[in-house]
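2 protein chains.
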Amino acid sequence: MPLEIIADAREMRVRMEDLRRDGRKIVFVPTMGYLHQGHVSLLEEGRRRGDVLVLSIFVNPTQFGPSEDLSKYPRDMDGDLAKARGAGTDFAFTPHASTFYPPGYQTWVQVRELSQGLCGDKRPGHFDGVASVVAKLFHVVNPHAAIFGEKDFQQLAVIKRMVKDLDFDIEIVGMPTVREADGLAMSSRNAYLSPEERQQALTLSRALERAQALVKAGERDAGKLLEAARAEIASAPDARIDYLELRDPDSLHLVPTLSGPTLFAMAVFVGKTRLIDNRVLRV
Amino acid sequence: MPLEIIADAREMRVRMEDLRRDGRKIVFVPTMGYLHQGHVSLLEEGRRRGDVLVLSIFVNPTQFGPSEDLSKYPRDMDGDLAKARGAGTDFAFTPHASTFYPPGYQTWVQVRELSQGLCGDKRPGHFDGVASVVAKLFHVVNPHAAIFGEKDFQQLAVIKRMVKDLDFDIEIVGMPTVREADGLAMSSRNAYLSPEERQQALTLSRALERAQALVKAGERDAGKLLEAARAEIASAPDARIDYLELRDPDSLHLVPTLSGPTLFAMAVFVGKTRLIDNRVLRV
Numbered sequence: 004m005p006l007e008i009i010a011d012a013r014e015m016r017v018r019m020e021d022l023r024r025d026g027r028k029i030v031f032v033p034t035m036g037y038l039h040q041g042h043v044s045l046l047e048e049g050r051r052r053g054d055v056l057v058l059s060i061f062v063n064p065t066q067f068g069p070s071e072d073l074s075k076y077p078r079d080m081d082g083d084l085a086k087a088r089g090a091g092t093d094f095a096f097t098p099h100a101s102t103f104y105p106p107g108y109q110t111w112v113q114v115r116e117l118s119q120g121l122c123g124d125k126r127p128g129h130f131d132g133v134a135s136v137v138a139k140l141f142h143v144v145n146p147h148a149a150i151f152g153e154k155d156f157q158q159l160a161v162i163k164r165m166v167k168d169l170d171f172d173i174e175i176v177g178m179p180t181v182r183e184a185d186g187l188a189m190s191s192r193n194a195y196l197s198p199e200e201r202q203q204a205l206t207l208s209r210a211l212e213r214a215q216a217l218v219k220a221g222e223r224d225a226g227k228l229l230e231a232a233r234a235e236i237a238s239a240p241d242a243r244i245d246y247l248e249l250r251d252p253d254s255l256h257l258v259p260t261l262s263g264p265t266l267f268a269m270a271v272f273v274g275k276t277r278l279i280d281n282r283v284l285r286v
Numbered sequence: 004m005p006l007e008i009i010a011d012a013r014e015m016r017v018r019m020e021d022l023r024r025d026g027r028k029i030v031f032v033p034t035m036g037y038l039h040q041g042h043v044s045l046l047e048e049g050r051r052r053g054d055v056l057v058l059s060i061f062v063n064p065t066q067f068g069p070s071e072d073l074s075k076y077p078r079d080m081d082g083d084l085a086k087a088r089g090a091g092t093d094f095a096f097t098p099h100a101s102t103f104y105p106p107g108y109q110t111w112v113q114v115r116e117l118s119q120g121l122c123g124d125k126r127p128g129h130f131d132g133v134a135s136v137v138a139k140l141f142h143v144v145n146p147h148a149a150i151f152g153e154k155d156f157q158q159l160a161v162i163k164r165m166v167k168d169l170d171f172d173i174e175i176v177g178m179p180t181v182r183e184a185d186g187l188a189m190s191s192r193n194a195y196l197s198p199e200e201r202q203q204a205l206t207l208s209r210a211l212e213r214a215q216a217l218v219k220a221g222e223r224d225a226g227k228l229l230e231a232a233r234a235e236i237a238s239a240p241d242a243r244i245d246y247l248e249l250r251d252p253d254s255l256h257l258v259p260t261l262s263g264p265t266l267f268a269m270a271v272f273v274g275k276t277r278l279i280d281n282r283v284l285r286v
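These protein sequence lines are chains A and B, in that order.
In case it helps, the working numbering puts the first sequence at residues 4 to 286.
In case it helps, the working numbering puts the second sequence at residues 4 to 286.
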C-alpha cells in the first residue's frame with residue numbers, strides 16, 4: 004500500500020473510520036517531523052503491532068513557549084515522507100496549524116500533577132499543549148494503539164495518565180530511546196549543534212552512565228548521584244544544566260534515596276540548544 | 004428492545020463499539036438523574052434521531068463546589084429507569100464515582116473563556132468538572148450525537164466549544180427549556196423548594212418575560228432591562244439574585260446595548276435553593 008498523505012482532519016477521520024469498521028487495527032505514531040532513527044524505531048514497532056500504520060507530522064505551536072524555537076524548529080517534509088515510506092507507513096496526517104486550531108480555540112487538556120516538575124516547570128504550558136494536541140490527534144485518527152519514545156519520559160507519563168483518566172480506548176506504548184553509536188540520544192534538536200557542541204553533548208549520556216555505575220557500586224543517595232552527574236556535565240565548557248533530577252518513574256515524585264527503579268532525568272543547554280535525556284536507574 | 008443497565012465503563016464501551024460497527028446510529032443523553040419532563044424531552048428527541056438511545060445517570064462529584072449540595076442532590080434511580088423505559092431508552096449507563104474516577108485522577112478539560120462569567124464565576128471549577136466528565140462519557144459511549152438542554156445554556160456552549168476544539172466527531176444538539184404550566188423551568192433542584200418558595204420561584208421566568216416584552220416595545224439598553232428584571236425578582240421576599248446578565252449567545256461576552264438575539268441569563272437563590280433560567284431575547 005503506497006503512503007497516503009492527508010492534511011484535512013475530516014478526510015483523515017473518514018478514512019480511519021472506514022478502516023476501523025473493516026476490522027483493521029490502527030497504530031499511530033504522532034511526531035513533530037524531522038524524523039530520525041528514533042522515530043523510525045517507533046514506526047517499525049507500529050508496523051509490527053497493527054494493520055494500518057499512521058504517522059502524523061505536525062509542529063504543534065501550542066507546546067512551544069513564547070521564548071522557544073517554533074519558527075526555527077527543523078523541518079524536512081520530503082525527507083520525512085521518504086523515511087515514512089521506508090518504514091512501511093500507510094498514512095501521513097499533516098494538518099496545518101491554521102485549520103487544525105479553529106478561530107477562537109480555547110480548550111486545554113491539563114494533566115495537573117504529572118505536568119509539574121522537570122520540563123513542566125521549565126516550560127510553562129508545554130504539557131498542556133502536548134496533552135491537548137494529542138487528544139485532538141487521537142480524536143481524528145482514533146487508533147487502537149499509539150507509540151511514543153521514552154526519551155520524552157514526562158510526556159509519555161502525561162499521555163498515559165490522560166488516556167487512563169479520560170477513558171480513551173487506546174493502548175499507549177513506550178519505546179526505548181535510540182542513541183547514536185557514541186551514546187547521544189537521537190533528537191531533532193541535535194541538528195542545531197555545532198561539531199564542538201555535538202562533542203560536548205555527550206556529557207548527558209555519560210552522566211547517566213556514571214550514575215548507573217555508582218548505583219551498581221552501592222550508592223543510594225540522590226545528592227551524591229546528582230553531584231557526580233553535575234561534575235561530568237561541568238567538564239563541557241558550553242553546557243549549562245537546566246535541571247538534573249531523580250524521580251519515581253510512575254508518580255514522578257522526587258526521590259531522595261534510591262530503593263527501586265528510579266528515573267534520572269535531565270535537561271542541559273549545550274550552547275543555545277536545550278537537550279533532554281533520561282535513564283531509569285536499576286538498583 | 005428492553006432497557007439495559009450497565010455500570011461498568013469497559014462493558015459499556017464494548018457494547019457501543021459493537022453497535023457502531025453494525026452501522027447503528029447512537030444518540031446519547033447525559034444526565035445527573037432525578038429525571039423530569041425536560042430530560043424526557045431530550046430522550047424523545049434522541050429516540051427520533053438515532054437507532055440506539057443511550058442515557059447516562061451520574062451525579063458527577065467534580066462539578067460540585069466544596070460548599071455545594073452533592074450529598075443532598077436528589078436521586079431516584081428506580082423512577083429514572085421507569086421514565087427512561089417510557090421514553091424508549093435502550094441503554095442506561097450508571098457508573099460509580101469510585102471506579103469512574105481512578106485513584107490518582109488528575110486530568111481536566113478546560114474551556115477557558117466560555118467557562119468564565121455567569122455560573123463560571125459563581126461556581127469555580129464547575130465547568131472544568133462538566134467538560135471533563137462529558138469528555139469521559141463521550142469516550143465510553145462514543146455516540147454519533149449527544150443532546151443537552153438549553154436551560155444550562157453556558158454548559159451547552161462549553162460542550163459545543165470543547166467538541167469543536169478537540170475534534171470530537173459528535174453532533175451536539177441543544178433542546179429548548181421545558182417549563183411547568185406556570186412558567187417555572189423544570190429542574191431537579193425544584194424538589195428542594197417549599198410550596199411558598201415554589202411560588203416565589205416564578206419571578207425568574209416572569210423577569211425573563213418582562214425583559215422580552217420591554218425589548219419588543221423598543222428597549223435596547225441592558226441596564227434598563229436588568230433593572231426591570233431586578234424589580235420583578237425583588238417582589239419575592241426570599242429571592243436573592245446571584246447574577247443577572249445580558250450576554251452574546253455565541254461568545255457569551257457582555258452586551259451593553261442590544262442589537263441582535265441576546266442571552267438573558269440568571270441565577271437566583273430562592274431560600275437556600277439556587278435556580279437558573281435564561282432566554283434568548285429576540286430584538
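Just so you know, even glycine gets a beta-carbon here, dropped at the ideal spot from N, CA and C.
| Check | Outcome |
| --- | --- |
| Looking at Asp185(B) and Leu205(B), is the spacing between their C-beta atoms short of 7 Å? | yes |
| When the Cα of Phe1(B) is compared with those of Gly49(B), Pro5(B) and Arg126(B), which residue comes out closest? | Any question about residue 1(B) goes unanswered here, given that chain B covers just 4 to 286. |
| Going along chain A, which residues have a C-beta under 9 Å from Arg27(B)? | By Cβ distance, chain A contributes nothing, its closest Cβ being about 12 Å from Arg27(B), past 9 Å. |
| Please report the straight-line C-alpha distance between Ala225(A) and Cys122(A), rounded to a whole angstrom. | 19 Å |
| Does Arg16(A) come within less than 7 Å of chain B when only Cβ atoms are used? | yes |
| Work out the CA separation of Val218(B) and Val114(A) for me, nearest whole Å. | 46 Å |
| Leaving out the 5 sequence neighbours to the left and right, which residues in its chain are closer than 6 Å to Leu229(B) when beta-carbon positions are compared? | Leu247 |
| Going by DSSP, name the residue or residues bridged to Met269(A). | Leu247(A) and Asp280(A) |
| Give a yes or no on whether the minimum CB-CB distance between Thr260(A) and chain B is below 7 Å. | no |
| If contacts are defined as beta-carbon pairs under 8 Å, then Gln215(A) and Leu278(A) qualify, I think. What distance do you get, rounded to the angstrom? | The pair is not a contact, with the Cβ atoms about 19 Å apart (cut-off 8 Å). |
| What residues of chain B sit near Arg164(A), judged by a beta carbon separation below 7 Å? | Gln109 and Thr110 |
| Can you check whether the C-beta of His142(B) is within less than 7 Å of a C-beta belonging to chain A? | yes |
| Taking the C-alpha atoms as reference points, what is the distance between Arg126(B) and Gly68(B)? | 7 Å |
| Quick check on this structure: which residue in Gly36(B), Val32(B), Gln66(B) and Met269(B) has the alpha carbon closest to the alpha carbon of Gly53(B)? | Val32(B) |
| Between the alpha carbons of Phe156(A) and Asp241(A), how many angstroms are there, rounded? | 25 Å |
| What does DSSP give as the partner residues of Val55(A) in its beta bridges? | Ile29(A) |
| Throw me the rounded Cβ distance for the Leu84(A) and His142(B) pair, which I believe falls under 8 Å. | Not confirmed; about 31 Å, so no contact. |
| Is the separation between the beta-carbon of Leu249(A) and that of Thr265(A) shorter than 7 Å? | yes |
| In chain B, which residues lie with their C-beta within 7 Å of the C-beta of Arg115(A)? | Gln109 and Trp111 |
| Does Arg13(B) come out as helix, strand or coil in the three-state DSSP assignment? | helix |
| I want to see whether chain A comes within less than 7 Å of Arg24(B), judged by CB atoms only; does it? | yes |
| Name, please, each residue of chain B whose Cβ falls closer than 8 Å to the Cβ of Phe171(A). | His142 |
| Please determine whether the Cβ atom of Ala148(A) lies at a distance below 6 Å from any heavy atom of the ligand GDP. | The ligand GDP is not part of this structure, which contains no ligands at all. |
| Whole angstroms is fine: what's the gap from Glu235(A)'s alpha carbon to Ala268(A)'s? | 15 Å |
| When the cut-off is 7 Å and only beta carbons count, does Ala138(A) lie next to chain B? | yes |
| Report yes if the C-beta distance between Val166(A) and Val112(B) is below 7 Å; otherwise report no. | no |
| Am I right that Lys154(B) and Ala194(B) are in contact with their C-beta atoms under 8 Å? What's the rounded C-beta distance? | Contact doesn't hold; Cβ gap of about 15 Å is too wide. |
| Using the Cβ count rule (16 or more neighbours within 10 Å means buried), how would you classify Ser101(B)? | exposed |
| Kindly say whether Asp168(B), judged by its beta-carbon, lies nearer than 7 Å to any beta-carbon of chain A. | yes |
| Excluding sequence positions up to five away, which residues of its chain have a Cβ less than 6 Å from the Cβ of His39(B)? | Met189 |
| Measuring straight from C-alpha to C-alpha, what distance separates Arg233(A) and Ile244(A)? | 8 Å |
| Using a Cβ-Cβ cutoff of less than 8 Å, which residues in the same chain neighbour Gly89(B) once the five nearest sequence positions on both sides are dropped? | Val43 |
| Using beta-carbon positions only, say whether Arg27(A) and Val57(A) come within less than 7 Å of one another. | no |
| Span of the beta strand (DSSP E) holding Val181(B)? | Premise fails: Val181(B) is in no beta strand (DSSP E) and is neither H nor E. |
| Rounded to the nearest angstrom, what separates His99(B) and Ser135(B) at their Cα positions? | 16 Å |
| Flag this pair as yes or no: are the beta carbons of Gly41(A) and Val181(A) separated by less than 7 Å? | yes |
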